[in-house]
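If you want this note's numbering, it's the position in the sequence shown, counting the first as 1, plus 1272.
All C-beta atoms in this analysis are idealised placements derived from N, C-alpha and C, irrespective of residue type, glycine included.
These numbers were taken from a predicted model, which means no experiment stands behind them.
Before any comments, here is the structure.
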Amino acid sequence: MAGLREVMERFNLSAGDVAHITGYAKSTISQIKNNKYNGDGQVEAEILKKLAEAGYRLETKLSVRRDVFIKTGNVRKFDTLCDELLAPQGDLTSSIGVVMGRAGRGKTKAARHYAVQHSEAVYVLF
């Protein structure tokens, strides 16, 4: 859980700002922020709750890692098709494969990923 210091730094709040929002004394806010408060340990939690109610909360943000590629069922099917096209012993040697389908299903990303992983594959987008 984020502490008072993190919330204050994130939102650029002074001890006076926090005191005004929460109703606690400025000196109490300063002591808690600097880990010098000797009073009730629940005070910081109460201050953070009041700040959160006023809209000052640190939320964990979700992020997307662009460097991760997940092999879904469709990607595995795409890889199988491409492997058959590239197989020297297969019937489809030197063939051109065309993959068509609804938008947003991952065809382009699967094709790019396959081309990066297999130097003998050529990817053409038209």
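In whole angstroms, what is the alpha-carbon distance linking residue i and residue j?
| i | j | result |
| --- | --- | --- |
| K1298 | R1337 | 41 angstroms |
| S1391 | A1359 | 13 angstroms |
| T1300 | E1278 | 16 angstroms |
| N1310 | E1281 | 22 angstroms |
| A1326 | A1291 | 13 angstroms |
| K1379 | E1331 | 34 angstroms |
| N1306 | G1275 | 11 angstroms |
| K1308 | L1334 | 33 angstroms |
Ignore the nearest five residues each way along the sequence and tell me which others in residue i's own chain have a CB closer than 8 angstroms to its CB.
| i | result |
| --- | --- |
| T1386 | Note on identity: in this sequence residue 1386 is Tyr, with Thr being the wrong assignment. Counting only Cβ-Cβ distances below 8 angstroms, and skipping sequence neighbours, we find F1350, D1351, C1354, A1393, Y1395. |
Start and end of the alpha helix (DSSP H) containing residue i?
| i | result |
| --- | --- |
| A1387 | 1379-1389 |
| F1350 | 1345-1358 |
| K1305 | 1298-1305 |
| I1293 | 1287-1294 |
By Cβ distance, which residues of its chain are closer than 6 angstroms to residue i, with the 5 residues on each side in sequence left out?
| i | result |
| --- | --- |
| S1367 | L1357 |
| A1383 | Y1395 |
Which same chain residues, not among the five before or five after residue i, have their C-beta less than 7 angstroms away from its C-beta?
| i | result |
| --- | --- |
| T1344 | G1378 |
Would residue i and residue j be called neighbours here (beta carbons separated by less than 8 angstroms)?
| i | j | result |
| --- | --- | --- |
| K1322 | I1342 | no |
| A1317 | S1302 | no |
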